[in-house]
Amino acid sequence: MLTICVVTDNTVHADWQAISARLRGATIDESAKASRGDKLPEACHSVVFLGSQALEKMAIERALGAGKHVVLATEPCFSSEVLQVVSGVAQKNGVQFAVVNPDRYLPSRQLIKQQIDGKFGDVGLVRIHRWESVAAEATLPHLGLPAPLVRDIEQVLWLAGKPPTVVYAREHAAQESLSPRGRFLQIHLGFSGGMALIDYTAGLPAGAGYNSLSVIGSTGAAYGDDHQNMQLLYRGGAPQALRTGEGTRHLAAMLQEFVDAVATRQDLSATVTAWRRVLTVVDDARQSLVTHRAIHREAE
Amino acid sequence: MARSGVFRCAVLSVVKHDYVARGMASHPRFELVVVGDDPQVPDWAHERNQQFADAHSIPYIRDIDHALREFDVQVAIVSSEAERHCDLSIRAALAGKHVVQDKPLATQRGESDRLVTAIEQSRVKFLMWNRNFLPAVLHAREQMTSGAIGRPCAVHIDFYFAKDAGPARGTRQPGYPPLDWHSFQISAHVDGSDGGVGHEPMGELAIEGIYPLGYLQMLTGARVRRVFARSAACFHQLYADNRVEDLASVTLEMEGGMIGSLVIGRIGAASHPSGGEIKLHVLGTEGGLVVGESRPEVGVNYRNQPAREARQRRVAGDNDYLLAENFAHAIDTDGETILGAHASHAIFATVEAALESCRTGQPVEVRPSPRPQSTGTTL
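Residue numbers (my numbering), protein chains in the order written: chain G, 230 to 529; chain H, 117 to 495.
Shown next, in the form of structure tokens:
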């Protein structure tokens, strides 16, 4: 039985006992939740870092050095070089180090991915709209893009199943005059035989955000859209639209996949490779924003 | 003409879908009185013109100049193959007739320039057929005009027609010849999906781009300055064989620093239960707006329902009538139509730049359109 320590912050709201009850072959120890990885119980075999916290590389290396498997599922807080170094520490200590985007495990995203593999043919288009309120924005200083946008780039690469061949990024030019409002960004990716567009803003007034994902393949399509998942609340005046959320079951799915991978001795370093690829796309997007040119990438 | 008078209309070449002519005829101020076409058009074109004329109990004349001259018409409705749009519209304008034209504006830049000049010099009104008066689009405009989201900063349009266009990509057997564009489009007339009819293959940006870019223009009034685009033939063997796109994505950079995007495609009937997903996303300084273009709609489902019949049906649409009303008003008041020659040319230029960007792999500046020589009343 694998004991998993969860290290998280107050941006993640989950009933860890309920999630633990869903796991096969593992259990969750909540005692180190808010420790930022400083105090890990001896008995825990693996550590999962979650949330928006700014992590120190040392916290992860300490866990790996103590012989614990590590899952990094926070906002993308490390550069490609740091990820490579940390991955090396894991290998040296004979433990697993995985970098994961928790959004992949949302029920809607899992369903869409399953359809791609078998029903949709070749992916022609991935289209994401993500709107957040200005309070939610968190531009990652080392990446120059907001964390949710970086996660969405990862989603696109995961759904498309291949890296892009060209990257073009634009930002609303008058955004300086909108202070303190957030940014309006869009990322346009070209793939062999397909394309993707991500529209991101942190410019909404305080309150709920909006998220939409469409995937169109050569033989089918899926539309996972807040617009169609709204419920209506009537309290006088115009009705309010309330999003029906997907809960936190996806955290159990993410942890189970990790537990199964450890049990079957899968090599999770591929997740680090995949994230490093995402970060090269982020670099290209940043370069495109500055140069106003499309960045063509060499085939891998 | 008195402001309540009826405009007599010549339908010039109604060889593809006939919804423009029928749309105009739905308004009591427009009366179809003759169908005209050039004598040298092929037999299938004559046949369709005659069928339309018979259905509306009006004569079909194989002489456009005669049709324009001898039937006391004030309006010409052009619904030919795209490559003849400009020629017919210019001839009608030079004959002093107001013009309602099907999309696209033109297939060549030079033709589109000539059309704008002819319309202006002839001082006639021009309306490019569009969807700007759909209820949801008007609702979006109302919200934006009221300031609900502040000043627009970004506009994103998803425009997917879930329709087939022949066999799926990858189904052509080895050794078989490529599918012929013209032949296919002629045969597609039976279900009205022959918007690309003509000898020259056209991708979805050229065929349908006017619609979403028309929304953009109406909602923001902003000119597109630069574009970056990607395209592919993802779904249909016809498009792959003729090297045109059935899917395209465009990053739009507009006046005032506004940004936006358009994704447009003919994605195949299997990819949506009701003909396609069309959505407008608009972000402003004070909020955002998400609009389903097909609403209001009603769900209709029954036993043994044909697979290709839409499960969600649009209701309360008045686009045809409102376009005709807008055109009548422009004539009556010497004003502008909702999508006139200059605005249509700007859209053509945007599509032209997007196609070039697809070829070059880099952003492309949109070539300016001819400037209006005089300012009419803005409606």
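Cβ coordinates follow ideal geometry from the N, Cα and C atoms, glycine included. Just so it is clear, the structure is predicted and the values come from calculations on it, not from any experiment.
query                                                                                                             : result
Same chain only: Cβ atoms within 7 Å of R430(H), ignoring 5 sequence neighbours per side                          : S410 and E413
C-beta contact flag for L279(G) and T367(H) at 9 Å                                                                : no
Cβ of R285(H) within 9 Å of any chain G Cβ                                                                        : yes
Interface residues of the region 259-274 of chain H facing chain B [CB-CB below 7 Å]                              : Although the question refers to chain B, the structure presented lacks it and instead comprises the protein chains G and H.
Span of the alpha helix (DSSP H), counted from its first residue to its last, around H461(H)                      : A457 to T476
Exposure label - K297(G); buried when at least 16 CB within 10 Å                                                  : buried
Within chain G, partners of L363(H) - CB distance below 9 Å                                                       : G353, L354, G423, M424 and I445
Q495(G) versus D280(H) - alpha carbon distance                                                                    : 43 Å
Nearest-angstrom Cβ-Cβ length linking T453(H) and K241(H), presumed shorter than 8 Å                              : 6 Å
Any 3 or more C-beta pairs closer than 8 Å across the region 428-443 of chain G and the region 452-472 of chain G : yes
Per-residue contacts from V395(G) into chain H (C-beta, under 7 Å)                                                : G477
Any C-beta of chain G under 9 Å from that of I383(H)                                                              : yes
G408(H): first and last residue of the uninterrupted alpha helix (DSSP H) it sits in                              : Here G408(H) belongs to no alpha helix (DSSP H); instead the beta strand (DSSP E) covers G403 to G408.
Cβ of P434(G) within 9 Å of any chain H Cβ                                                                        : yes
CB contact flag (I248(G), C350(H), <9 Å)                                                                          : no
Buried or exposed by the 16-neighbour rule on C-beta atoms within 10 Å, applied to N246(H)                        : buried
Whole-number beta carbon distance between A470(H) and A345(H), since they are thought to touch under 8 Å          : 4 Å
Unbroken beta strand (DSSP E) run spanning T520(G), endpoints                                                     : Per DSSP, T520(G) belongs to no beta strand (DSSP E); it is in the alpha helix (DSSP H), S498 to T520.
Sequence-distant residues of the same chain with beta carbon closer than 6 Å to L243(H), five excluded per side   : V216, F443 and T453
Opposing strand residues paired with K395(H) [DSSP bridges]                                                       : D274(H) and G408(H)
Neighbour flag for Q344(G) against chain H, beta carbons, 9 Å                                                     : no
Per DSSP, cross-strand counterpart(s) of L354(G)                                                                  : M424(G) and I445(G)
N-terminal and C-terminal residue of the beta strand (DSSP E) that D454(G) is part of                             : A450 to D454
Residue range of the beta strand (DSSP E) that includes G330(H)                                                   : Note, G330(H): premise wrong, no beta strand (DSSP E); alpha helix (DSSP H) at I326 to T336.
Closer than 9 Å to chain G by CB, T466(H)                                                                         : no
Burial state of E304(G) (16 or more Cβ within 10 Å)                                                               : buried
Same chain, Cβ closer than 7 Å to E475(G), neighbours up to 5 away in sequence not counted                        : L335, P336 and S337
Exposure of T448(G), with buried meaning 16 or more beta-carbon neighbours within 10 Å                            : buried
CB contact below 9 Å: Q469(G) versus chain H                                                                      : no
Cβ-based burial, H401(G) [other Cβ within 10 Å; buried from 16]                                                   : buried
From T261(H), G266(H), Y276(H) and A304(H), residue whose alpha carbon lies closest to that of G282(H)            : A304(H)
Three-pair Cβ contact test at 8 Å for the region 354-361 of chain G versus the region 501-515 of chain G          : no
In DSSP terms, what A322(H) is bridged to                                                                         : According to DSSP, which records beta bridges pairwise, A322(H) is partnered with nothing at all.
Minimum length 3: unbroken beta strand (DSSP E) runs contained in the region 379-403 of chain G                   : 395-400
Backbone CA spacing between S308(G) and S441(G) [nearest angstrom]                                                : 28 Å
Separation of E290(G) from L369(G), as counted between CA atoms                                                   : 21 Å
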